[in-house]
Every structure is written in structure tokens, then in C-alpha cells.
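The sequence shown begins at 1 in UniProt numbering and counts up by one. We put the beta carbon where it would ideally sit given N, CA and C, even for glycine. All of these numbers come straight from a predicted model, not from anything done at the bench.
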Amino acid sequence: MLRATVFAGIFVLAMLFLTTTQAHGQVLVYRMESTKTKGINYFTFESGYVVAPLLGGESSFLLSSIDGGRAYIESAAGGRLFTAVNEGDRRAVISATTGEGSAQGALVAMGEINHSVRVSGAAFNLTAKVAKTLTGTSVTADDESELTVDEVNQESIGVAGISAVKFTLDERETERANKNGNSVEQAVEVLKLELERQGYVNLNEGDDDDDEDEEEQIEVSELNFRGTEITTDDVLAPVGGMRR
Numbered sequence: 001m002l003r004a005t006v007f008a009g010i011f012v013l014a015m016l017f018l019t020t021t022q023a024h025g026q027v028l029v030y031r032m033e034s035t036k037t038k039g040i041n042y043f044t045f046e047s048g049y050v051v052a053p054l055l056g057g058e059s060s061f062l063l064s065s066i067d068g069g070r071a072y073i074e075s076a077a078g079g080r081l082f083t084a085v086n087e088g089d090r091r092a093v094i095s096a097t098t099g100e101g102s103a104q105g106a107l108v109a110m111g112e113i114n115h116s117v118r119v120s121g122a123a124f125n126l127t128a129k130v131a132k133t134l135t136g137t138s139v140t141a142d143d144e145s146e147l148t149v150d151e152v153n154q155e156s157i158g159v160a161g162i163s164a165v166k167f168t169l170d171e172r173e174t175e176r177a178n179k180n181g182n183s184v185e186q187a188v189e190v191l192k193l194e195l196e197r198q199g200y201v202n203l204n205e206g207d208d209d210d211d212e213d214e215e216e217q218i219e220v221s222e223l224n225f226r227g228t229e230i231t232t233d234d235v236l237a238p239v240g241g242m243r244r
């Protein structure tokens with residue numbers, strides 16, 4: 001009888017471990033919308049995706065724009081999804097901070113955990129409670145004090161802006177990613193291919209200095225956003241704010 005009880009306990013622990021391991025391998029895909037509220041010399045990507053582990057952790061961003069040319073930029077592991085708890089209140093949080101030199105940015109969005117999502121794989125079915133929508137704010141600021149005299153335009157210096165952001169669970173992409181057993185990185189690659197099928201150009205590819213990519217770099221650099229040429233160095237990914 002004791003042996004049977006011990007065996008049953010080991011079996012339960014094994015099943016709990018298996019379920020937790022499977023959940024760690026599953027992802028959530030959120031669509032992102034960004035609305036410019038106010039700013040000066042300020043631009044933000046208006047849409048994109050966030051791919052996060054089901055149980056929270058490092059999350060990857062894809063920021064996209066159609067203003068002046070279809071383009072997107074990737075920020076791998078650029079932020080986090082986590083759960084904040086206070087007594088009976090539980091909120092899902094997507095956060096990101098970024099900065100280099102005088103340029104700084106931050107993003108925070110929160111949502112109630114009030115939606116059930118079914119996660120299926122080859123050998124399991126799970127139901128998880130998640131946030132269907134998260135809303136928040138993205139802020140960007142840069143006094144551009146590190147620019148040289150030759151780089152400064154006295155008629156346009158300094159960047160500051162605030163945008164409202166909203167993340168909505170993309171249940172179709174979430175289901176597809178989990179059905180195929182994709183990791184965060186694999187789910188991001190699928191979304192990148194989908195964006196490129198729609199005519200979006202990957203701005204990250206301009207980071208490669210190889211000569212064979214020179215033609216592609218020129219094509220990317222000629223994309224104009226509100227009349228301003230941009231490169232990945234200009235973007236505060238994953239916050240998305242940048243000089244206009």
C-alpha cells in the first residue's frame with residue numbers, strides 16, 4: 001500500500017513537472033498599436049507585435065510602420081511580460097526600457113488577467129488565464145547633447161514624445177505558434193516572413209556592413225518617415241520613439 005502511495009505521489013509530481021515544462025515552451029502573441037499623443041521632433045512606429053513566453057519572461061518586439069514606406073524593426077528580448085500581484089488584484093505587465101547616450105525611452109502597459117486561452121500541442125492541451133488587452137504609455141526623450149556641431153540643426157534640436165500604446169492578444173497567431181511548437185524566436189521569424197510578404201522591409205538588415213549587402217542598405221536608407229531618413233541607430237527599440 002505504501003509503495004502504491006509513493007508511486008502515485010511520484011506520478012503526480014512528474015505530471016506537474018511535465019505540464020510546467022510544456023507551459024514554459026508556449027508563447028503569447030500580441031498585436032501592438034501606438035498612437036502619437038504629443039511631442040516635438042518625434043516619430044513612433046504605429047503598429048507591430050510582441051511575442052512573449054506564456055508564463056512571462058523576456059519578450060521580443062517587432063515594430064512596423066507604413067508612413068513613408070513599409071518597414072519594420074526587430075528588438076529581440078527587448079522587454080518583459082510579467083504578472084504583478086497585490087492581494088486579490090492581478091495584472092499582466094509588458095515593460096521595456098532602452099537608452100544609449102543622451103537618448104532614453106520607456107514603455108509600460110498593463111491589463112487585467114481576465115481571459116482564457118487554450119494552448120494546444122502535439123501531446124497536450126492547456127487552458128491559461130491571460131490578459132486579452134494591455135494599455136499604457138511609451139515615452140522618449142533625447143537632448144541630443146552628444147551631437148557634434150556639424151550634426152546640430154539649430155532650427156530642430158532635441159526630441160521628446162509621449163504615445164499611447166495598446167496590446168491585443170492575437171489568438172490566431174498564438175494558436176498557430178503553439179500548435180507548431182514554436183519558441184519565441186521561431187514565432188518571431190514566422191511573423192517577420194508574414195510582414196515581408198506584405199511588402200515590409202527589414203531595417204535590421206541595414207546593420208550588416210558586408211559589401212554584398214550594399215545595395216540593400218541603400219534601399220533601406222532611402223525609406224523616409226515624415227521626411228526624415230532613418231537607420232536602426234536612430235530608433236529607441238523596443239520603445240519605438242525616435243527623431244522625426
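| Check | Outcome |
| --- | --- |
| I'd like to know whether the C-beta atoms of V27 and D170 end up nearer to each other than 8 Å. | no |
| Would you decide whether E74 is buried or exposed? Buried here means 16 or more other CB atoms lie within 10 Å of its CB. | buried |
| DSSP on K129, reduced to helix/strand/coil? | strand |
| For L32 and T168, I'd like the C-alpha separation in whole angstroms. | The residue you asked about is not Leu; residue 32 is Met in the sequence shown. Spanning the two alpha carbons is a distance of roughly 7 Å. |
| Alpha carbon to alpha carbon, how far is T133 from S34? | 13 Å |
| Quick check on DSSP: helix, strand or coil for T174? | helix |
| Kindly confirm or deny that the segment 117 to 126 and the segment 87 to 94 touch, where touching means at least three C-beta pairs closer than 8 Å. | no |
| In terms of DSSP beta bridges, what is I157 paired with? | I157 is not bridged to any residue. |
| For Q104, collect the residues of the same chain with a Cβ closer than 6 Å to its Cβ; drop the 5 residues on either side in sequence, then sort them by chain order. | A141 |
| Starting from Q186, follow the alpha helix (DSSP H) in both directions and report where the run begins and ends. | V184 to R197 |
| Could you give the residue range of the beta strand (DSSP E) that holds Y200? | Neither: Y200 is in no beta strand (DSSP E) and is coded neither H nor E. |
| How far does the beta strand (DSSP E) with L63 in it reach, from first residue to last? | G57 to S65 |
| Who are the Cβ neighbours of G181 in its own chain at under 8 Å, not counting the five residues just before and after it? | G25, G121 and A122 |
| Nearest to E189 by alpha carbon, out of R80, A76, E46 and G39? | A76 |
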